[in-house]
Structure formats: C-alpha cells, structure tokens
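Accompanying notes for the structure given below.
2 protein chains.
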Amino acid sequence: MPQPDSIIAPAIILSEPQLGENIGAAARAMANFGLSDLRLVRPRDGWPNHKAESMAAGAADILAGVQIFATVEDAVAELHYVLATTARDRSMPKTIVTPGEGAARLKRALSEGKASAVLFGGERSGLTNHEIALADEIISIPTAGFSSLNLGQAVMLVAYEWFKAGDATPSETIDHGGGLPVPREELFRLFEHLEGELEKGGFLHPPGTRPGTIRNLRSLLHRARLSDQEVKTLRGVIVALTKGKKRDAMPESEEK
Amino acid sequence: MPQPDSIIAPAIILSEPQLGENIGAAARAMANFGLSDLRLVRPRDGWPNHKAESMAAGAADILAGVQIFATVEDAVAELHYVLATTARDRSMPKTIVTPGEGAARLKRALSEGKASAVLFGGERSGLTNHEIALADEIISIPTAGFSSLNLGQAVMLVAYEWFKAGDATPSETIDHGGGLPVPREELFRLFEHLEGELEKGGFLHPPGTRPGTIRNLRSLLHRARLSDQEVKTLRGVIVALTKGKKRDAMPESEEK
Numbered sequence: 044m045p046q047p048d049s050i051i052a053p054a055i056i057l058s059e060p061q062l063g064e065n066i067g068a069a070a071r072a073m074a075n076f077g078l079s080d081l082r083l084v085r086p087r088d089g090w091p092n093h094k095a096e097s098m099a100a101g102a103a104d105i106l107a108g109v110q111i112f113a114t115v116e117d118a119v120a121e122l123h124y125v126l127a128t129t130a131r132d133r134s135m136p137k138t139i140v141t142p143g144e145g146a147a148r149l150k151r152a153l154s155e156g157k158a159s160a161v162l163f164g165g166e167r168s169g170l171t172n173h174e175i176a177l178a179d180e181i182i183s184i185p186t187a188g189f190s191s192l193n194l195g196q197a198v199m200l201v202a203y204e205w206f207k208a209g210d211a212t213p214s215e216t217i218d219h220g221g222g223l224p225v226p227r228e229e230l231f232r233l234f235e236h237l238e239g240e241l242e243k244g245g246f247l248h249p250p251g252t253r254p255g256t257i258r259n260l261r262s263l264l265h266r267a268r269l270s271d272q273e274v275k276t277l278r279g280v281i282v283a284l285t286k287g288k289k290r291d292a293m294p295e296s297e298e299k
Numbered sequence: 044m045p046q047p048d049s050i051i052a053p054a055i056i057l058s059e060p061q062l063g064e065n066i067g068a069a070a071r072a073m074a075n076f077g078l079s080d081l082r083l084v085r086p087r088d089g090w091p092n093h094k095a096e097s098m099a100a101g102a103a104d105i106l107a108g109v110q111i112f113a114t115v116e117d118a119v120a121e122l123h124y125v126l127a128t129t130a131r132d133r134s135m136p137k138t139i140v141t142p143g144e145g146a147a148r149l150k151r152a153l154s155e156g157k158a159s160a161v162l163f164g165g166e167r168s169g170l171t172n173h174e175i176a177l178a179d180e181i182i183s184i185p186t187a188g189f190s191s192l193n194l195g196q197a198v199m200l201v202a203y204e205w206f207k208a209g210d211a212t213p214s215e216t217i218d219h220g221g222g223l224p225v226p227r228e229e230l231f232r233l234f235e236h237l238e239g240e241l242e243k244g245g246f247l248h249p250p251g252t253r254p255g256t257i258r259n260l261r262s263l264l265h266r267a268r269l270s271d272q273e274v275k276t277l278r279g280v281i282v283a284l285t286k287g288k289k290r291d292a293m294p295e296s297e298e299k
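Residue numbers (my numbering), protein chains in the order written: chain A, 44 to 299; chain B, 44 to 299.
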C-alpha cells in the first residue's frame, strides 16, 4: 500500500456534496494550493460526475484519484487528526479555530506523522452534529454579517491558508524585470547630473532653499527604488530636456 | 455628494469582466467580507446583468450600487491608493505584495484618509500593462504550480484578507455551549470522586504506581478543559460504573 497523501498534506473530505460544480470547484481550489487527496462521502449524484469534471479546469488528476466512502467514519478511519468546518454555532464543546490557525495545526500534526484531513458538509445543511463529533477541532471561517460562502469557496479558503502556512513568498518584492536595483554609485551620478543641470537652470536659487530642495529630490528618487535601466532613462530625460538650452539661460518661472 | 465607500473600505474595480456569474460571485465575496463599493469598466454583456444577479445570492445591494465606467482611468480618478492584481510576471518595476500584505497596506492607506481600491482584470487576459501602470502596487496571489483562480475566486481571496486584517476573531476559542469552563473546585471534586472509586477498585495499587497514575489521569482531564455539564456527566458515569459493586471487590484485571 502506498503512503497515503494525507501524511504529507491534509485530505479534503466532502460529506454528501450535492452539486458536481462544487466538487469540481473544490478540486480546482485544491490544485491551486497544493492539495491532492479528495474523498467524497455519499455524493448525491454518484461518481464520476461530468459537471465536476468540467468545473475542475485542469485538476483532472485530483478527480481521477477521488475515493468514495459510505460514511464519514470510513473516510477518517486511518487518520490521526481531523478538523471539521462549520459556519453555524453548534454549541458543541470543541475548540474552534480560524482557517489560519487550523492550517498551522495541520502543519504541526503532519510534521509529527499524523495523517490529517479537513471535513466539509454538504451544501444544504453542512455537517451533522454526529459528523462534527468525529473531528478533533472545528474550523470556522470568520465573515462579515452576511455569510453565504458556498462549498467550493469554503474549501478554497482552507486550502489557501494551508498553502500560505508553508509558503515562503515574501510579503513584498520588487520586480525589476529580472534586473537588480541600481547600485548606489549610479544613483549618486544621477543626482549630480540632475543637480548640475538644475543649478544651471537657476532652480536651486536662492541658495538658502538649495539644501532642502536637493534633499527632497534625492529622497523622492531613493523612494522610487530605481533599476539600472530606469536610471539610464532618467539621465536621458535630463539630457533631452536640457538639449539646445543656452548655458546661461534663466528659467521662465521659478516654481518649486 | 455623500462620502464615498472607498474611504472606509477599498472599492473593487473589475476591468472588462466577461461573465455575469463572476461579477455576481465577486459581489457575494465582497458581502461576505465587508466590502460594498463595486465598479465595472466596460462589462462585456452590459449592465444590469441577470446572471450576475442570480449568482450574487443575497448581495443584491452591492449590485444595485454598482458604478459603470468607460475606462480604468475614470474608475480610479478620485482615488489615492490603488492595488492591481495580476497572476503573471509582468516585468514591470512595481512593488509586488501578497494579498495579506496588500490588505495591511489598504488598512493603513484608508486610516490616513486615502480612498483606495483593488483592480482586477477580465477573465481572459487580466489587466493590460497600461492598466497596471495606473496602480501604485501589485497584489499577486501565491499558488502552487497549477494556477487557475477565476475572477470571483481572486476577488474572494483579496476580500477575505481585507476582512481578516480588521477582524478580531481569536485564533482559538472553545465553545462550551454558552457556559463557562468548570471552576477548578468542581474539577478537584471530580478527581477525588474518581480516585476514591479507583482506590476501592484496586486500580491504584501497588502504592508505588499511585502518584504517576493519578497525575496522568488528572492531566488528561485538565487537558479536556471540561465544562460544568461535562463534569456532572462524568460524575454520573462514575456512579453508574460503580453502582451495585461490592465495596471490597477487586477488579477482574489490573490493566493500566
């Protein structure tokens, strides 16, 4: 028997899903966020399901590997850690976690070798209390007053948080089109070029305003975190703007 | 002129959306996560759109308030801070943030009185480079290798992160069915009751194992963070299990 996928990532279990579209949307969400083990308990329209296939949009592998079970007990039988999702307050004495916290707990459980899953109820009424009692803890998705996430959307948010919990994408990056930001030296040459031309144009007079004006311009150019190419472009701009100017011309206006 | 919604929460701008279903799904996602200002630029099938209405599932107020624009420039004209969403690498020198970081920046911008929005492209090819250039920064949704979020899903993840950024839901809560967890005193009485009966049943012999056994049982019962009602139930269980037992009976087995 091969090592079950639920050892490396949580399985997604849908209990009595009604619409093939939602099963397909769940599979698609799973593929986007690195999950692959999909289990269905008594899907209303049987299995396979053509509507699920047309909605899965490229996540066909996941649908091909779907396991069908007669009960939630069967679907979770070999698992060690199960989270149930529910929107309503169930007045059941279980720990309720956010999707983000649930993802962190799944990561921890899996790192300890615990086969894990997240359990979702059907479209009409969600999980029964009996099914929820089979889980260790509950994930509840916080929403504003109006709460009507459908099954596919709920699976997507849980899968998204799972992926985020293991994702190393920095919260901020700057795309310089493959290039590096400019070395400071080039930036300093740009400053000198610009300030030299501004001096000639009378923009840095009277002298009392000069330090503040230069500081503001340099600050702005630093903030833009320019690329090599952009510095070249800006130097070209300065050349183009000053081309043909008489050396000793005064600006028409001294607007700053 | 009333204060625009974009001052208290970001507007969502869809540029050239094609499918009414996705516009409706976007509105539904917005309602779930506390957004209301939806703007459409050149919706392919005109406006209003019946498919959008049937998909919006209760988010009719948002559709009723939709504003239509001829260009993205018009849609963002009065805004101060705009994030564009894109899945592909555009090789454009802009800051790229995760949805979570984008939500934090939107919160900050709005707290400074900056009217804000998140801009999404159409289903087929997303935003044009010209449209992206109109934004301050880019949100990119990290996914596993397979990336095929649709427009409604992309809006949902951004709206979800926006809601999370202002949501005070604790990451873990325990639902005791409205009641409080049991006061320690009651827990101690349960311990005494149980341990007294176990003593009679010979479970705590030989005396050398007694402290360890008691510690393990107490630890287990603490960990369960029992409610008042559950303590009562467990005390009833002890009574039921010991009922009719002869006072001096020894257990059939001493398994521990």
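For glycine and all other residues, C-beta sits at the position ideal for the given N, C-alpha and C.
Using DSSP with H/G/I as helix, E/B as strand and the rest coil, what is isoleucine 66 (chain B)?
-> In this structure, isoleucine 66 (chain B) counts as helix in the three-state DSSP scheme.
What residue ranges within the region 121-148 of chain B form continuous alpha helix (DSSP H) runs of no fewer than 4 residues, ordered along the chain?
-> If we require 4 residues or more, the region 121-148 of chain B turns out to have no alpha helix (DSSP H) run fully inside it.
Starting from the beta carbon of asparagine 4 (chain A), find every residue of chain B whose beta carbon is closer than 7 Å, and list them in chain order.
-> A question about residue 4 (chain A) goes unanswered here, because the residues of chain A that appear run from 44 up to 299.
Who are the Cβ neighbours of alanine 103 (chain B) in its own chain at under 8 Å, not counting the five residues just before and after it?
-> If we look at alanine 103 (chain B) and ignore the five residues flanking it on each side, its Cβ neighbours are Glu96.
Is the shortest distance between the beta-carbon of proline 136 (chain A) and the beta-carbons of chain B less than 8 Å?
-> Yes, its Cβ sits closer than 8 Å to a Cβ of chain B.
Classify threonine 141 (chain B) as buried or exposed, calling it buried when 16 or more other Cβ atoms lie within 10 Å of its own Cβ.
-> Classification of threonine 141 (chain B): buried, given that the 10 Å Cβ count is 16 or more.
Please confirm if the region 74-88 of chain B is in contact with the region 157-167 of chain A, defined as three or more CB-CB distances below 8 Å between the two stretches.
-> Not touching, per the Cβ criterion.
Residue from A:Arg253, A:Thr252, A:Lys243, A:Leu237 whose Cα sits closest to the Cα of glycine 279 (chain A) | When A:Arg253, A:Thr252, A:Lys243, A:Leu237 are compared, the shortest CA-CA separation from glycine 279 (chain A) is found for A:Leu237.
Between which two residues does the beta strand (DSSP E) carrying leucine 241 (chain A) extend?
-> For leucine 241 (chain A), there is no enclosing beta strand (DSSP E); the enclosing alpha helix (DSSP H) has its first and last residue at 227-243.
Roughly how many angstroms separate the alpha carbons of proline 53 (chain A) and alanine 120 (chain A), rounded to a whole number?
-> Their Cα atoms are separated by approximately 14 Å.
For threonine 186 (chain A), is the classification buried or exposed, using 16 other Cβ atoms within 10 angstroms of its Cβ as the cut-off for buried?
-> Here threonine 186 (chain A) is buried, its C-beta having at least 16 other C-beta atoms within 10 Å.
Which residue from B:Ile184, B:Gly188, B:Lys150, B:Arg167 puts its Cα closest to that of asparagine 65 (chain B)?
-> Out of B:Ile184, B:Gly188, B:Lys150, B:Arg167, B:Arg167 has the C-alpha closest to the C-alpha of asparagine 65 (chain B).
So is tyrosine 203 (chain B) in contact with chain A if we call contact Cβ pairs under 8 Å?
-> Interface residue, yes.
Within 8 Å (strictly less), CB to CB, does methionine 98 (chain A) reach chain B?
-> No, methionine 98 (chain A) does not count as interfacial toward chain B.
Three CB pairs or more closer than 8 Å across the region 166-182 of chain B and the region 230-249 of chain B = No, they do not touch.
Which term fits aspartate 117 (chain B), buried or exposed, when burial requires 16 or more other beta carbons within 10 angstroms of its beta carbon?
-> Counting Cβ neighbours within 10 Å, aspartate 117 (chain B) comes out exposed, since fewer than 16 surround it.
Is the Cβ of glutamine 61 (chain B) closer than 8 Å to any Cβ of chain A?
-> By this cut-off, glutamine 61 (chain B) is not an interface position.
How long is the line joining the alpha carbons of isoleucine 111 (chain A) and glycine 63 (chain A), rounded to whole angstroms?
-> About 14 Å.
Give the straight-line distance between the Cα atoms of lysine 207 (chain A) and glycine 143 (chain B), rounded to the nearest whole angstrom.
-> In a straight line, the C-alpha of lysine 207 (chain A) is about 10 Å away from that of glycine 143 (chain B).
Are the Cβ atoms of valine 198 (chain B) and isoleucine 182 (chain B) separated by less than 8 Å?
-> Not in contact: valine 198 (chain B) and isoleucine 182 (chain B) (Cβ atoms no closer than 8 Å).
Is isoleucine 51 (chain B) helix, strand or coil when you go by DSSP?
-> Under the three-state reduction of DSSP, isoleucine 51 (chain B) is assigned to coil, being neither helix nor strand.
Looking at the structure shown, is leucine 192 (chain B) part of a helix, part of a strand, or coil, going by DSSP?
-> Under the three-state reduction of DSSP, leucine 192 (chain B) is assigned to coil, being neither helix nor strand.
Can you give the Cα-Cα distance for serine 154 (chain A) and proline 86 (chain B), rounded to whole angstroms?
-> Their backbone Cα atoms lie some 47 Å apart in a straight line.
Among A:Ala267, A:Lys275, A:Gly156, which residue has its Cα nearest to the Cα of isoleucine 217 (chain A)?
-> The option with the nearest alpha carbon to isoleucine 217 (chain A) is A:Ala267.
Cβ of glutamate 174 (chain A) within 8 Å of Cβ of alanine 100 (chain A)?
-> In this structure, glutamate 174 (chain A) lies away from alanine 100 (chain A), with their beta-carbon atoms at least 8 Å apart.
Test: threonine 212 (chain B) CB closer than 8 Å to a CB of chain A | Yes - at least one Cβ of chain A is within 8 Å of the one on threonine 212 (chain B).
Chain-ordered neighbours of glutamate 116 (chain A) on chain B, where CB pairs are closer than 8 Å = Annotation: glutamate 116 (chain A) has no Cβ neighbours in chain B at a cutoff of 8 Å; minimum Cβ distance is about 22 Å.
The region 78-111 of chain A: which residues have C-beta closer than 8 Å to a C-beta of chain B, in chain order?
-> Residues passing the 8 Å Cβ filter: Ala100, Gly101, Ala102.
Taking Cβ to Cβ, would you say leucine 264 (chain B) is nearer than 8 Å to leucine 230 (chain B)?
-> Yes. Within cutoff.
Chain-ordered residues of the region 263-275 of chain A with a beta carbon less than 7 Å from chain B = Residues are counted here when their Cβ sits less than 7 Å from a Cβ of chain B; for the region 263-275 of chain A these are Ser270, Glu273, given in chain order.
Pick helix, strand or coil for proline 60 (chain B), following the three-state DSSP scheme.
-> Coil at proline 60 (chain B), not helix or strand.
Residue span of the beta strand (DSSP E) that contains serine 262 (chain B), given as start and end | Careful: serine 262 (chain B) lies outside any beta strand (DSSP E), inside the alpha helix (DSSP H) at 253-266.
Whose C-beta lies closer than 7 Å to the C-beta of lysine 157 (chain B) among residues of the same chain, with five residues either side of it excluded?
-> Close CB contacts of lysine 157 (chain B) within its chain, under the 7 Å cut and outside five residues either way in sequence, are with His123, Tyr124 (chain order).
What residues match up with serine 270 (chain B) in a beta bridge as DSSP calls it?
-> B:Pro224, per the DSSP bridge assignment.
In three-state DSSP terms, what is alanine 187 (chain A)?
-> Three-state DSSP puts alanine 187 (chain A) in coil, outside helix and strand.
How about proline 60 (chain A) and leucine 194 (chain A): are their beta carbons less than 8 Å apart?
-> The Cβ atoms of proline 60 (chain A) and leucine 194 (chain A) lie closer than 8 Å to each other.
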